[in-house]
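Undergrad: What follows is a single structure, and I will ask about it in a moment.
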Amino acid sequence: MAGFSLEKVYNTTTGASGGGASAAFSKPNYQAALTPNDGQRDVPDVSLLAALTLTNGNTTGVFIGQDAAGTGQIFCCVQGTSVAAPLWAGIGALMEQRLSARLSSNFNAQIYTMGRLNTPAGFRDVRAGDNSFGTVTGFAAVQGHDQATGWGSGDVNTFVNAFVESRGAVLGGIGANNTNLLSSEIYNPTTGTFSSGGTFADTRQAWFASPLPNGTILIVGGSTNNGSACLNTAKIYNPASGSFTSTTGNMTTARCSPAVARLFSGKVLITGKDESPTLRQTMTAELYDPVAKTFSATGTLLNTGSMAGATITLMANGKVLVAGGNVTAQTYDPNTGAWSQTAGQLNTVRYFANAVLLPTGKVLIAGGTTDFIHNLSSAELFDPQAGTFSPTGSMPEAALVPVMTAVSNGKVLVVFGDRAAALYNPATGTFGITGSTNVARSFPALFQLNNGKVLAAGGAGSNGAPLSSAELYDPVAGTFSNTGSLASARQSPFGTPVQ
Numbered sequence: 002m003a004g005f006s007l008e009k010v011y012n013t014t015t016g017a018s019g020g021g022a023s024a025a026f027s028k029p030n031y032q033a034a035l036t037p038n039d040g041q042r043d044v045p046d047v048s049l050l051a052a053l054t055l056t057n058g059n060t061t062g063v064f065i066g067q068d069a070a071g072t073g074q075i076f077c078c079v080q081g082t083s084v085a086a087p088l089w090a091g092i093g094a095l096m097e098q099r100l101s102a103r104l105s106s107n108f109n110a111q112i113y114t115m116g117r118l119n120t121p122a123g124f125r126d127v128r129a130g131d132n133s134f135g136t137v138t139g140f141a142a143v144q145g146h147d148q149a150t151g152w153g154s155g156d157v158n159t160f161v162n163a164f165v166e167s168r169g170a171v172l173g174g175i176g177a178n179n180t181n182l183l184s185s186e187i188y189n190p191t192t193g194t195f196s197s198g199g200t201f202a203d204t205r206q207a208w209f210a211s212p213l214p215n216g217t218i219l220i221v222g223g224s225t226n227n228g229s230a231c232l233n234t235a236k237i238y239n240p241a242s243g244s245f246t247s248t249t250g251n252m253t254t255a256r257c258s259p260a261v262a263r264l265f266s267g268k269v270l271i272t273g274k275d276e277s278p279t280l281r282q283t284m285t286a287e288l289y290d291p292v293a294k295t296f297s298a299t300g301t302l303l304n305t306g307s308m309a310g311a312t313i314t315l316m317a318n319g320k321v322l323v324a325g326g327n328v329t330a331q332t333y334d335p336n337t338g339a340w341s342q343t344a345g346q347l348n349t350v351r352y353f354a355n356a357v358l359l360p361t362g363k364v365l366i367a368g369g370t371t372d373f374i375h376n377l378s379s380a381e382l383f384d385p386q387a388g389t390f391s392p393t394g395s396m397p398e399a400a401l402v403p404v405m406t407a408v409s410n411g412k413v414l415v416v417f418g419d420r421a422a423a424l425y426n427p428a429t430g431t432f433g434i435t436g437s438t439n440v441a442r443s444f445p446a447l448f449q450l451n452n453g454k455v456l457a458a459g460g461a462g463s464n465g466a467p468l469s470s471a472e473l474y475d476p477v478a479g480t481f482s483n484t485g486s487l488a489s490a491r492q493s494p495f496g497t498p499v500q
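Numbering of the sequence shown is given in my numbering, commencing with residue 2 and proceeding in unit increments.
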């Protein structure tokens, strides 16, 4: 099949597809940031093309030939839930065959994990139509998750592969003797091994990266290998082929250590930080359009402070929060290209904290330093509705740039350098100890795979030397287990799930 025609929410003169809030079940953690704040379980999670008649009159659905009674009457076809439910059950059977194991009870949470990923995970987003019928006002299909089609309809082959393979890419980092690594490696959870993923065609350090909608990865800015000059060039990394190619155009500004955030539109917001060899701070911002393959300037941040040490987070409302460092906390609106100061500011001055979007829609900002001497264990929450920050529970240890990632149970995993690890629970606002890593591991690549497990790869050991070992965290069991090692020991690499 060359492609897919436009899919719309089923809605005819005789009926429309279902969707909305359950009257019996409360909202699970994995749904909280994606559906209305109604406290109820919202449906559907996913959908499937299963309507009998499309609006253009063409017939679809599933046709069944049956003449058990010998009457010559052939049952024509079925549609709706009678088609979608058994087909999704069949998809689950395919997944179990590939896994050689039963699907876990955490399957629904894992679907939402896949839906949130920046890379394609087997869903065709339905953005047209609504399920209103008669006098009942329904829900419109919108970009991302909605109460008309969930995450959208399934692209079965991609969905099964994404769920089962759950591959991850680990790029760059600092190697032995403080060398700047230019290689990438791909993790295969089926074999538990890493393989070569290609090598940069140039030398750069202090770059940042963002996955793109087509499964490739945008690498922007950084500095020359000796740090003498900032770069305005960018690369596209294709994990499937292991190739690194230059973008059609360059960034509008040369940027060392830029901050990046992938928007819901698929574009990438790039802001700060240093823009010249003299390390002069820049508050300009620009967008990379993966369709046009071009960079263009967008709104400038509100003040002339330093972006150094600030966090940048895409929120559930589509806006981007920048907070910390010397910068005034503010949000970027992709619809207007403008920045707006938040109603409140951080309760504590924080350089080099880390931030994670919670299922509740709030943003957790934890750790950092106030004076580059004393690290912080405290944390706070940003509420995008109120525009304010409020204290929350503290981490069990102080940490500069704490290594954190959201996990499929709605909590946030934090890995410290002394083997300790903790989980932040948004429901209680507290950090609790979870299983320890098998070795001391500072600044590893830490990210969730499509299967719900978390890969911790590389980092620095207790003696400060880069590590090649890797571990998997199971959020159900709350434990770490060893997996295959990287070919190259690397500290502070970039990591992301890939197809």
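Glycine included, every Cβ here is placed at the ideal spot set by N, Cα and C.
Given this structure, state the Cα-to-Cα distance separating Lys-412 from Ser-167, to the nearest angstrom.
TA: Spanning the two alpha carbons is a distance of roughly 20 Å.
Undergrad: Could you name the residues that DSSP lists as bridge partners for Glu-287?
TA: In DSSP, Glu-287 forms a bridge with Ile-271 and Ala-298.
Undergrad: What first and last residue would you give for the beta strand (DSSP E) that runs through Arg-263?
TA: Looking at the DSSP string, the run of the beta strand (DSSP E) that includes Arg-263 is 260 to 263.
Undergrad: Quick check: the stretch 440 to 457 against the stretch 130 to 148, are at least 3 beta-carbon pairs closer than 8 Å?
TA: In short, these stretches do not touch, since the Cβ pair count stays below three.
Undergrad: Output the boundary residues of the beta strand (DSSP E) element that contains Met-405.
TA: First-last of the beta strand (DSSP E) with Met-405: 404 to 407.
Undergrad: Terminal residues of the continuous beta strand (DSSP E) containing Arg-168?
TA: 168 to 172 is the extent of the beta strand (DSSP E) around Arg-168.
Undergrad: Three or more C-beta pairs closer than 8 Å, one from the stretch 253 to 267 and one from the stretch 228 to 235: is that the case here?
TA: A contact exists between the stretch 253 to 267 and the stretch 228 to 235.
Undergrad: Leaving out five residues before and five after Ile-271 in sequence, what residues of the same chain have Cβ atoms less than 6 Å from its Cβ?
TA: Only Val-221, Pro-259, Val-261 and Glu-287 meet the Cβ criterion.
Undergrad: Do Ala-163 and Thr-150 count as a contact pair if the criterion is CB distance below 8 Å?
TA: Their beta carbons are not under 8 Å apart, which means Thr-150 does not touch Ala-163 by this criterion.
Undergrad: I'd like the list of long-range same chain contacts for Arg-263, defined as Cβ closer than 7 Å, with 5 residues on each side in sequence excluded.
TA: Cβ neighbours of Arg-263 beyond the five flanking positions: Asn-119, Ser-211, Pro-212, Val-269 and Leu-315.
Undergrad: Have a look at Gly-362, Pro-476 and Gly-418 and flag the residue whose alpha-carbon is nearest the alpha-carbon of Leu-450.
TA: Ranking the options by Cα distance to Leu-450, first place goes to Pro-476.
Undergrad: Within the same chain, show all residues whose beta-carbon is closer than 6 Å to that of Ile-313, passing over the 5 residues directly before and after it, in chain order.
TA: For Ile-313, where only same-chain residues beyond five positions count, the Cβ hits under 6 Å are Ala-260, Ala-262 and Val-323.
Undergrad: Which ranges would you report for the beta strand (DSSP E) in the stretch 198 to 240 if only whole runs of at least 3 residues count?
TA: Correct list: 209 to 212, 218 to 221 and 235 to 239.
Undergrad: Just tell me which of Tyr-333, Thr-217 and Arg-491 has its CA closest to the CA of Tyr-238.
TA: Comparing Cα-Cα distances from Tyr-238 to each of Tyr-333, Thr-217 and Arg-491, the minimum goes to Thr-217.
Undergrad: Excluding five sequence neighbours on each side, which residues of the same chain lie with their C-beta closer than 6 Å to the C-beta of Ser-463?
TA: Excluding positions up to five away in sequence, the list reads Ala-441.
Undergrad: Please state whether the Cβ-Cβ distance between Pro-45 and Gly-20 is less than 8 Å.
TA: Cβ atoms of Pro-45 and Gly-20: closer than 8 Å.
Undergrad: Which of helix, strand or coil does DSSP assign to Ser-83?
TA: Correct three-state label for Ser-83: helix.
Undergrad: Start and end of the beta strand (DSSP E) containing Thr-393?
TA: Note, Thr-393: beta strand (DSSP E), 389 to 393.
Undergrad: Can you name the residues that DSSP bridges to Leu-424?
TA: In DSSP, Leu-424 forms a bridge with Leu-414 and Gly-433.
Undergrad: Gly-250 to Val-328, Cα distance in whole Å?
TA: Those two C-alpha atoms are separated by around 29 Å.
Undergrad: Please say whether Ile-366 and Pro-397 have beta carbons closer to each other than 8 Å?
TA: Taking 8 Å as the Cβ cut-off, Pro-397 and Ile-366 do not qualify as a contacting pair.
Undergrad: Roughly how many whole angstroms lie between the Cα atoms of Thr-438 and Arg-491?
TA: Roughly 17 Å between the two C-alpha positions.
Undergrad: Does the structure place the stretch 368 to 380 close enough to the stretch 344 to 358 that three or more beta carbon pairs sit under 8 Å?
TA: Short answer: they touch.
Undergrad: Could you please give the first and the last residue of the uninterrupted beta strand (DSSP E) stretch that includes Leu-447?
TA: Leu-447 -> beta strand (DSSP E) spans 446 to 449.
Undergrad: Less than 8 Å between the beta carbons of Phe-444 and Ala-466, yes or no?
TA: No, these two residues do not count as a Cβ contact at 8 Å.
Undergrad: Please give the ranges of any beta strand (DSSP E) in the stretch 313 to 358, keeping only runs that are unbroken, at least 3 residues long and fully inside the region.
TA: For the stretch 313 to 358, whole beta strand (DSSP E) runs of length 3 or above, ordered along the chain, are 321 to 325, 331 to 334, 339 to 342 and 355 to 358.
Undergrad: Would you please state the rounded distance, in angstroms, between the beta carbons of Phe-432 and Tyr-425? I believe it to be under 8 Å.
TA: With a Cβ gap of about 5 Å, Phe-432 and Tyr-425 count as contacting.
Undergrad: In the DSSP output, what is Asn-439 paired with across the bridge?
TA: Answer is none; Asn-439 lacks a bridge partner.
Undergrad: Hey, would you say Ser-23 sits closer than 8 Å to Arg-42, going by beta carbons?
TA: In contact: Ser-23 and Arg-42 (Cβ atoms closer than 8 Å).
Undergrad: Can you tell me where the beta strand (DSSP E) with Pro-29 in it begins and where it stops?
TA: Counting along the chain, Pro-29 falls outside any beta strand (DSSP E), and DSSP gives it neither H nor E.
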